[in-house]
Structures are given as structure tokens and as C-alpha cells.
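Line by line, the protein sequences give chains A and B.
So in the working numbering, the last one in the first sequence is 392, and the numbering has no gaps at all.
So in the working numbering, the last one in the second sequence is 392, and the numbering has no gaps at all.
Presented below is the structure to which this report refers.
There are 2 protein chains.
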Amino acid sequence: MSSVPPSRIRRLTSAMATQDLDAMVVFKPQNSFYMSGFNPIIYSHPVVAVLCRDGESALLVHALRDDHARAASFVDDIRLYGAWSSKVTMGPSWKSALATILEEKGVAKGRIGLDMDFLSVARFRELEEVLPDARLADASEAIMQCRYVKDPDEIENARAAARMADIGMDAAIAELRRGGNEREIASAAMAAMNRAWTDDHPDKEVADFGNLEHGVQNGLFAWVLSGERMFLNSDNPTVRVPRRGETASLFIWSVLDGIHIENERTVMIGDVAPEKKQALEAILDIRAEVFARIRPGTPISDLFDCSKAGLEARGYGKYIPGRIGHSMGLGAHELPSIDAATQVPLQPGMLLAIEPNIRIPGEVATQISDTVLVTETGMEQLTRSEGGLLRV
Amino acid sequence: MSSVPPSRIRRLTSAMATQDLDAMVVFKPQNSFYMSGFNPIIYSHPVVAVLCRDGESALLVHALRDDHARAASFVDDIRLYGAWSSKVTMGPSWKSALATILEEKGVAKGRIGLDMDFLSVARFRELEEVLPDARLADASEAIMQCRYVKDPDEIENARAAARMADIGMDAAIAELRRGGNEREIASAAMAAMNRAWTDDHPDKEVADFGNLEHGVQNGLFAWVLSGERMFLNSDNPTVRVPRRGETASLFIWSVLDGIHIENERTVMIGDVAPEKKQALEAILDIRAEVFARIRPGTPISDLFDCSKAGLEARGYGKYIPGRIGHSMGLGAHELPSIDAATQVPLQPGMLLAIEPNIRIPGEVATQISDTVLVTETGMEQLTRSEGGLLRV
């Protein structure tokens, strides 16, 4: 589609130079999309992106996906395997097709980086057989590090996806106020986001990246946990109607052209017990303290430590979570994780879900998350629907 | 949740006996759900199901997922790793926790079957380190073969999911008739399915199985390809309004408690060119011929051959597709595939999407699929929305 390779391609080839790789060959849906701009949605036939250190690239897809790949990818060199209708292909097997491509590109005897955090053992063994002269190395971490910092097109998608997530949250809160059950609240949010997608983003996709046995046509998701269900994380919504005196957590995930955004709110329904309100107030204060530290150079673990100190100072020292957020991007939960162990410094262009939280089993659970972009001087909050102490 | 192990557990332990495995340890979301009944939806923290040959099982999850796993799983022995709030866990690492569990079950020095069609190379290498005395074998195929035949609870979910898919298709056709664009048609179908889920299936989930960087809260999907977009397979819908003289393909995927159903229709909009109508009539006749062969004992390749012969007899011999359907179940596209190479005989309880098709590049594309259940004497068509030559 676009013939201009985006700047991430330069980051990837520079990572190859550092790691002494002659090429990267990737299978993870997020990674092949990153290198090609093509998301076939269904991955039961392998999609393989090849990028050489000199910037040359190729995309290998099943014959069935020929038209779609040509319409969507910024890679010009599209190759086919398999059989479908009258398409001419390199043969029935993607493996020998891949071997031929690497031979042509002059890297079949080189050092090849694979995304071994995804590539299955079974497929790896097939690759070893068909590429006997290649030296196969793990490039997972190098690729993920390139993904840490978002490109301008990705940032534009993030801002637009955040507006959609806000529309979803507004619709969810309105349906909660109306007295809908958990599923009705989620459905209202998803319908509002789909309407916004149709009206405001005619040239963008909301497909997500599935696993190899299916596909995700629509990644505009909402879910709800109310009352005692607050402790079930990401459980599917039920027909339970949230009741007065409870809190309800509303979760929104939106996606545009592969870039994910998270917006979560915990809402009081009428008057709630003092310890619930106190926990919400505490977490809102701690969030503000964490936000104030977000700027280039701050080690990610500082954000976790700040939240931990805030919890301890307020008497919640027994209830420290394992992490208080994560990177967003082609994954809704991708690395780096915001935890005690991650000392990576913040960089402009990082996209993070920030979600300090308190969970006291059986008593209190808070779930409040906003997606922020690290800027040159601090941060830009992308999700901007009503925050603070929410009550319906 | 249920303490009665379903009959698939007996099939799995019997497969272990045949393959001389002492235990299976699985990581693929579909497989850990199959062995435990637990779908956390988000898999960025590993979920590991263990099943021993004697039927003993355990489920290892992150501390964060404790309450959800206990509420949802039919496995009683739930183990925790990681840190979250005041949960007591086996330690920070899922790997050493797994090693301890296998030690306790007396299989740490045994032959362990892994789902190597999913398990990443990176994770496999970690397992090799932490389980130095185990013999690690590939159990992917054995597990998939157990999944070929559905259990009574899965068949009940399939029938219910098919009714939802039919409701989605009816809504899609109504919106096509009204003049909606591709996204409006898809949104109408998804809203109708979510309504049916809320009203008719209070105790069922519509979550799907994601990959490891995100989660799929809602697997009720619809998409649409119209006019020249017919050739783009599973591309995301656009704001294009289908026009008179074109055909439009409407795709519905529904899911209930993990079991997937497919319903696809190609609809003529007003009068279409004779070659389009002829292709639709041909494929409907071929489908009928394929359906007539579905009964226990028929090799799956016979269905493909029947479709191929039907295409050749009608002058479409240059446009043979690579396959004419696939198994459905915990995957929307799972094995076996209905192609020339798959000689597995049909068995009662198999759930298949049957979709012979014709694609003449730039001219004609048909996309008609129904999900059928193989019975003792033939087949039961599960998706039953209006079929035949459809026209709006």
C-alpha cells in the first residue's frame, strides 16, 4: 500500500547490525504486521515476514491471501505458497518457499533472527530441517525493544483509539446509571465504539491479532465486574445488575490499525462503605504521584516503587500488586511491564497503561487505568474520559 | 466448578497410555481450557494445566487469577505463583512451581507430553532447564485428536452457539436490505448476537482464546465483503455500501463456552451477472452432494474430492480451492482440514464447517458455510438461517 518503509524498519535493521543478524524471519502476528503492515486476521495458514539487514524485505503468504496482502502491505515483494483457484505459487509448502526466498536474498547461510518467544517448537524444528546452513538465533527481545517506542503513525492511531475508548467509557457509565446489567453495559460500550469507528475512522481497521486457531475481527472490547465479582480480573460479564452500595469496574480496550488503548474506571453506585471510598481516594492520589514522575530517563521501576511507597504510607502495605501497568502497542499487554524488576528508562514515544491498584480480598478492589504517552518533557494523557471519584 | 471430570479427560488419559506419557503439561489456551474449564481471557501470565495418566490434575495460575480460576475450573488442585495483594503463592516463578508440582505428582522424571505446536522455543528451553530429568515429548497431535470428537457439553454449546449465529445472520441480511454499509451490517449482527447472549444464555461465556499479548473478551464476530472486496477473505469491513448488481458475503462467527460456530452467506443484491448467479447455483448443488456423503466412516478427503469433481463437471476445474472446510471447536479454524490429503474417517461428534467455494479472480467469489455435526447415521445441520440462492 505505502511504499515508504516506516522508521521502525530502520530501528529493526539497526538492531540487526548490533546483534550481528543477517535477517529477521518472524511468525508472531504482531511482528509480521509490524514488518509488513499486513494483518490477515486469520493465521491458520502461516504468514512469514522476512527483513534483511540491508532493508530488503519479503512477505510470504498462502495463495488465498494474495489479493488481501497486496492491498494492505507496504512490502512490495509478496510471495505465495499453497494452492487456491488459479493462483501461481512457489509450491505447496511454506517451508521450501521460505528457504528459496532466503537463498535468493543471499542469507540462507547467514545468522537468522527468529521470534522465539512465539515460534512453536514444532515449527522451529521444521525450520531447522529446511534451513540446514543457517544459524538460527532468538531475536524476540531485540524486536520487542524496537516496539517499545512508537512511530508517528502509531502515535496518531493511539490518540484516535483513545478517543474511541473514551466514547466507549461514556456509554458504559450511561448504561450503568440507567440500571443495565453487566452485559448490557459492555454491549452499550462496544456498540458506541463501533459507531465511532464507522463514522470517524473510515480508513482504519479494528481487527486484532489472534492465535493460530482462529482470528479476531473486532478488538473493540468492554467488560464489567461488579460487587463480589470485582475480584475476577478479566472474567466475562454476566447478567448481574450492579447494586447500590457496591463498586463496579468498567474496562474498555480499543484498537486502531493494531495499536491498543486501555481505559478503566471504578465507579461507586450510590453511597459505599467508607473503606471502599478511602481505597479509591488513596489510589487516585497515588496515581497522581506516579504521573508526576513520568518523564524520559525515569527508570520504570521508579513508578512501581512510588506506588508501593504510596500504598505503604496509607496502610495498604500488605496488599502490594505484582505490577502497576504495562506497555501498550500491537499488544494490549506487551513488555515492558511496570514492576519492581524493570529498570528500563522511560523514553519519548512509549505508550503505557498506568494502573496502580488496591485489592483487599473480599473487601475492596480498585481498577483504574489510563493510557499515557511519554513525551520529551513528561507525559500526555491519551484517555481523557471523566476520572476522579466517580459515582452514579 | 464441576467436580466431575468430563469424558474428554478419559480420552486424554487413554491417549497418554497409548503414547507412553506419564503426564501432559499444556500451555495453549485452547488446551488448558480443555483440561481445566478455565479461560482467564488474558494470557500474558502463563496458565499451565497438568494432567497425569492416572487422571490426577492441577492448574497453575498467577496469584492474580486465583479467585477467577477457583470459580471457573473443574480442577480442584489450583496452584499459584507470582505476587499479588496478600495471596500466598509457591514463589515468584511459574517454572519452579511447575517443577515442584511434577515432583509431588511423581512424574518429574517421567515422559511429559507438551503442546509443541504452540509452546514457544524460548519457553521450551526454560522447561528443559527446570525439568532436567524429564523426557519431553510432543503431544500436540494426540491432544488435537482427542479434540476431533466433541463431548456432550460441547455439542450442547455448539447447538446454542449456532442459534446465536443464525440470529446474527438474520440481522446482517436485514441491515444489508436496509442499505447499510459493510460496518453497519457487521455491527448490527454483533449487536443482535450480544442481545441473544444476554437474554438466552445467562450462564455461558462468549470469551475467546487470544494470543499471549492480549485477550479476546468477546468472540461474537461479523464481517462483510462486497463487490470487488469479495476477494479479500477475512479483511475488516469498510464503509463501502454494497451496490445493486454485486454480491456481498456475510460472515458470522459465534462462540459459547469456547465452542465456535461459523455461518456464511453470499447474497445477490438485485440482479447480478449470469456468471455470478451460475456460480452460486453450482456451489449450492455441490454442497448438497457433499452433505449427502457426510456419515461415520467416510474419509474426509472424499468430501474434498466430491467438491472437486463437482467443480470440474461444471467447468470450474481451473479454480479448485485448497480446502473446502475445517473442523470447529475450541478453535474456529482447527484440525482436521477438509482437503485432498486428510484421510481421517468421519466420526460421530465431529463438528465441521462445510464450505465448498468458487473463486474466479476479479469475477466471481462465493462464500457459503454451514456448521454441521456428524451423527451416528449422517449429519445434523446446526446453522439453519435461510440458505439457497439469497437475494435482497
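Note that beta-carbon positions come from the ideal geometry of N, C-alpha and C, so glycine has one too.
Residues near residue i by beta carbon distance below 8 Å, same chain, minus five either side
i        : result
MET1/B   : Reliability of the predicted coordinates at MET1/B is poor, the pLDDT of 46 falling under 50, and the value obtained from them is presented with this limitation in mind. Taken in chain order, the residues that qualify are GLY37, ALA71, ALA72, SER73, PHE74.
LYS277/B : MET268, LEU389
ARG293/B : ASP302, LEU303, CYS306
GLY245/B : ILE269, GLY270, ASP271, VAL272, ALA273
LEU212/B : TYR43, SER44
GLY82/A  : HIS45, HIS62, ALA63, LEU64, THR89, PRO92, TRP94
PHE124/B : LEU114, MET116, LEU136
SER32/A  : VAL26, PHE38, VAL47, VAL48, ALA49, LEU59
HIS326/A : HIS333, GLU334, LEU335, PRO336, SER337, ILE338, LEU352, ALA353
One or two residues paired with residue i in a DSSP bridge
i        : result
ARG391/A : MET268/A
GLU380/B : LEU373/B
GLY325/A : ILE354/A
MET24/A  : LEU51/A, GLY113/A
LEU212/A : Beta-bridge pairing links LEU212/A to no other residue.
TRP223/B : PHE251/B
SER57/A  : LEU51/A
SER337/B : HIS326/B
SER332/A : Residue 332/A is actually Ala in this sequence, not Ser. Its beta-bridge partners do not exist; DSSP assigns none.
LEU80/A  : VAL61/A
PRO345/A : PRO299/A
SER120/B : SER120/A
GLU262/B : TRP253/B
ILE42/B  : GLY215/B
ASP138/A : LEU114/A
ALA72/A  : Answer by DSSP bridge pairing: none, since ALA72/A is not bridged.
ILE360/A : VAL364/A
Close Cβ partners of residue i (< 7 Å) along its chain, the five nearest in sequence each way excluded
i        : result
TYR34/A  : ARG8, ARG147, LEU330
ASP151/B : PRO6, SER7, ARG8
PRO348/A : PRO296, VAL374, THR375, GLU376
ARG111/A : ASP20, LEU21, ASP22, ARG135, ALA137
SER226/B : GLU182, ARG240, PRO242, GLU246, ALA248
GLY378/B : ILE294, ARG295
ILE320/B : LYS308, LEU311
ALA279/B : ILE358, VAL364, THR366
ASP257/A : ASN157, LYS204, GLU205
Exposed unless 16 or more other CB atoms sit within 10 angstroms - verdict on residue i
i        : result
ALA108/A : buried
GLN30/B  : buried
LYS28/B  : buried
GLN343/B : exposed
LYS318/A : exposed
GLU262/B : buried
ASP20/A  : exposed
ALA313/A : exposed
THR18/B  : exposed
ASP200/A : exposed
ASP76/A  : exposed
Cβ-based neighbour list, residue i, same chain, cut-off 6 Å, excluding 5 preceding and 5 following
i        : result
ALA188/A : ALA171, GLU175
HIS45/B  : HIS62
ILE185/B : ALA172, GLU175, LEU176, VAL224
ARG10/A  : none
THR13/B  : ARG53, GLY55
MET16/B  : ARG53
ARG287/B : PRO356
MET190/B : LEU220, ALA222
Supposed close pair residue i, residue j - CB separation, criterion 8 Å
i        : j        : result
MET116/B : ASP138/B : 4 Å
VAL392/B : ARG240/B : No, VAL392/B and ARG240/B are not in contact; Cβ-Cβ is about 16 Å, not under 8 Å.
ARG265/A : LEU250/A : 5 Å
PRO40/B  : ASN233/A : 7 Å
THR371/B : MET328/B : 6 Å
SER85/A  : ILE360/B : 7 Å
SER385/B : ASP166/B : 4 Å
Residue i beta carbon near the ligand ATP (any heavy atom closer than 8 Å)
i        : result
ASP370/B : By its list of ligands, the structure shown contains no ligand whatsoever, and the ligand ATP lies outside what it can speak to.
- Message: Would the region 270-284 of chain A count as touching the region 251-261 of chain A if we require 3 or more Cβ pairs under 8 Å?
- Response: They do not touch, by the three-pair rule.
- How do the region 214-222 of chain A and the region 216-235 of chain B stand: do at least 3 beta-carbon pairs fall below 8 Å, yes or no? The region 214-222 of chain A vs the region 216-235 of chain B: in contact.
- Tell me, please, whether the region 196-209 of chain B touches the region 229-240 of chain B by the rule of three or more beta-carbon pairs shorter than 8 Å. Because the criterion of three Cβ pairs below 8 Å is not met, the region 196-209 of chain B and the region 229-240 of chain B do not touch.
- Task: Assess, as a yes-or-no matter, whether the region 360-370 of chain A is touched by the region 326-340 of chain A under the definition of 3 or more beta carbon pairs within less than 8 Å.
- Result: Three or more Cβ pairs closer than 8 Å define a contact, and the region 326-340 of chain A falls short of that threshold against the region 360-370 of chain A.
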